[in-house]
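Take 4 as the starting number for the sequence shown in the numbering used here and just add one per residue. Data first, discussion second: the structure below is written as structure tokens.
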Amino acid sequence: MNSSNQHKYLPAFLPAMNAEETSWAIILFGKKLLMRIAEDKLYIPEVKEVADILKEDKKMEYIGSYDGHDCYCKRLNEVTELPENLELVDLMEITKRSGDAGLFILAGTANHILHWYSMNQYCGCCGHETEDKKDERAKICPKCGNITYPRISPAVITAVFQEDKILLAHNRNFRKGLYSLIAGYVEPGETLEQCVVREIREEVGINVKNIQYFSSQTWPFPESLMMAFTAEYESGEIKVDENEITDAAWYQADSLPEIPSTDSIAGKMIRWYRERLRTINKQ
Ligand SMILES: [Zn+2]
């Protein structure tokens with residue numbers, strides 16, 4: 004189910020190619036990515052194309068390679084006029100407009116790494132200014148020796164089935180009419196399976212069984228790793244928590260409400276379920 008596009012991106016700490024002339028510049032501005040437009044298609048610009056935009060501060064962070072290009076990232080706090088062939092594109096529009104889902108992951112990873120750098124300029128133990136560790140992606144405090152690594156927050160997301168129906172819920176933060184799967188962060192002391200059971204019970208009031216691992220996806224907004232599961236309905240009536248979830252119901256594959264795009268693992272899982280049901284119904 005994974006798009007092969009996503010595997011064009013190989014995260015790394017040190018440059019693989021050292022071919023500066025073909026290196027890409029992943030430039031973020033708020034929730035937008037700087038992209039080059041050529042014949043109505045969108046591409047990641049090369050580092051040399053953005054030199055004027057970076058002005059004095061040219062320091063960028065290496066985040067790995069994509070399809071043979073070393074990738075360096077940076078966040079801008081202000082953008083003056085852009086050349087005609089460059090455009091700031093909303094992160095959620097990248098896949099649709101470039102036709103390459105992997106670029107969304109690349110831009111998201113830049114967001115994750117840059118967020119982490121900005122949040123760890125000072126030591127959490129003694130408050131001294133931190134330095135970049137030379138041999139790995141970490142911040143080290145020259146005063147007390149405290150080392151901080153990029154934080155990744157584990158979260159679970161679950162497709163719950165009752166016979167041939169799927170449970171979909173509307174979160175308070177979603178736009179009107181959008182429904183998705185139940186998700187939540189893992190708490191200290193929990194296994195992933197315990198988290199699945201707790202989140203579903205808390206948010207929609209039902210109990211589930213037969214929890215099976217499905218797949219995982221980085222969700223670097225700013226720092227999550229989503230682990231996806233399937234589960235079967237066991238007992239209870241749907242009762243939404245009214246805090247996070249305002250509506251939830253069982254849906255048939257052929258009458259789904261609006262669902263997330265395939266950039267999210269929820270969007271992929273719901274389509275996987277729909278396709279599976281269509282195949283079964285054809286037999
Ligand atoms: Zn310190």
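We treat Cβ as the ideally placed atom computed from N, Cα and C, and that holds for glycine. Just so we're clear, the structure is a prediction, and the values are computed from it rather than from any experiment.
Pairwise C-beta distances place the stretch 57-65 out of contact with the stretch 90-108, as fewer than three of them are shorter than 8 Å. In its chain, beyond the 5 residues on either side, TRP253, TYR254, GLN255 have a beta carbon closer than 7 Å to the beta carbon of LYS168. For ILE169, the three-state secondary structure derived from DSSP is strand. Residue side-chain check: ASN149 places its Cβ nearer than 7 Å to a non-hydrogen atom of ligand 1.
Out of SER258, HIS10, PRO225, the CA that lies nearest to the CA of SER156 is found in PRO225. Counting only residues of its own chain and dropping the five nearest sequence neighbours on each side, ILE116 has a CB closer than 7 Å to the CB of GLU64, ILE66, CYS76, PRO153. Here ILE160 really is in contact with ILE268; their C-beta atoms are around 6 Å apart, less than 8 Å.
Taking each of TYR236, ASP266, PRO223 in turn and checking the Cα distance to ALA158, the smallest one comes out for PRO223. Distances between the C-beta of CYS128 and the heavy atoms of ligand 1 include at least one below 7 Å. In the displayed model, LYS77 falls within a strand according to three-state DSSP. Within the stretch 123-153, not a single complete alpha helix (DSSP H) segment reaches 4 residues in length. In this structure, the straight-line span from the alpha carbon of GLU24 to that of PRO260 is close to 47 Å.
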